[in-house]
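**Q**
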């Protein structure tokens, strides 16, 4: 992996973090756990899901062994970059990453997400040259290399930033 490619992944992770934080801005704590309708998630639930997902997926990637062979699939990276943030296709979260109310409020959720994302960025910085030499299983997309995981994590964050904006619109929060 070139230094520019690693830098691009890091920039994508940073931008998606900024997008999520901006989406969650101005949400009154009193409305953070309000669902726009039955069967939909609140802003706090979206943040909890993104955070738990990031923590679990990064742990899986950190535990992945370094492979001797490179696995590069630029087409798959591009496909993930388009598919993951697209909210037109609904996706059911696995039980392990569904929100359960374990975060007390917005401040805790935002702090925990920021900490998880900082760890992901640190992983990309320190293992950037090896992103094509690590791989781990994803429940929906099968085996992904480290670069594909970075695309997935950034896109997943953008997906839920959009969901938070939808919730805010439905609740009349600007």
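In our numbering, the protein residues as written are 178 to 351. All residues carry an ideal CB built from backbone N, CA and C; glycine is no exception. None of the values given here were measured: they were computed from a predicted structure.
#1: Kindly confirm or deny that the region 189–203 and the region 293–310 touch, where touching means at least three C-beta pairs closer than 8 Å.
#2: Would the region 326–338 and the region 270–283 be scored as touching if the rule is three or more Cβ pairs under 8 Å?
#3: Take residue 230 as the anchor and find which of 210, 316 and 250 has the nearest alpha-carbon.
#4: Could you tell me the boundaries of the beta strand (DSSP E) in which residue 314 lies?
#5: Using only CA atoms, which one of 179, 310, 222 and 351 lies nearest to residue 242?
#6: Which value, in whole angstroms, describes the spacing of the CA atoms of residue 269 and residue 226?
#7: Mind checking residue 322: buried by the 16 CB within 10 Å criterion, or exposed?
#8: Smallest Cα separation from residue 238: which of 312, 332 and 341?
#9: According to the Cβ coordinates, are residue 249 and residue 341 closer than 8 Å?
#10: To the nearest angstrom, how far is it from the Cα of residue 263 to the Cα of residue 246?
#11: Between residue 214 and the rest of its own chain, which residues show a CB-CB distance below 8 Å, the 5 nearest in sequence each way excluded?
#12: Output yes or no for whether 8 Å exceeds the beta carbon distance between residue 258 and residue 332.
#13: Which value, in whole angstroms, describes the spacing of the CA atoms of residue 273 and residue 233?
**A** With the given structure in hand:
#1: yes
#2: no
#3: 316
#4: 312–315
#5: Ranked by how close their Cα comes to the Cα of residue 242, the residues 179, 310, 222 and 351 have 310 in first place.
#6: 12 Å
#7: With 16 or more other Cβ atoms inside 10 Å of its own Cβ, residue 322 counts as buried.
#8: 312
#9: no
#10: 31 Å
#11: 347
#12: yes
#13: A straight line joining the alpha-carbon of residue 273 with that of residue 233 spans about 9 Å.
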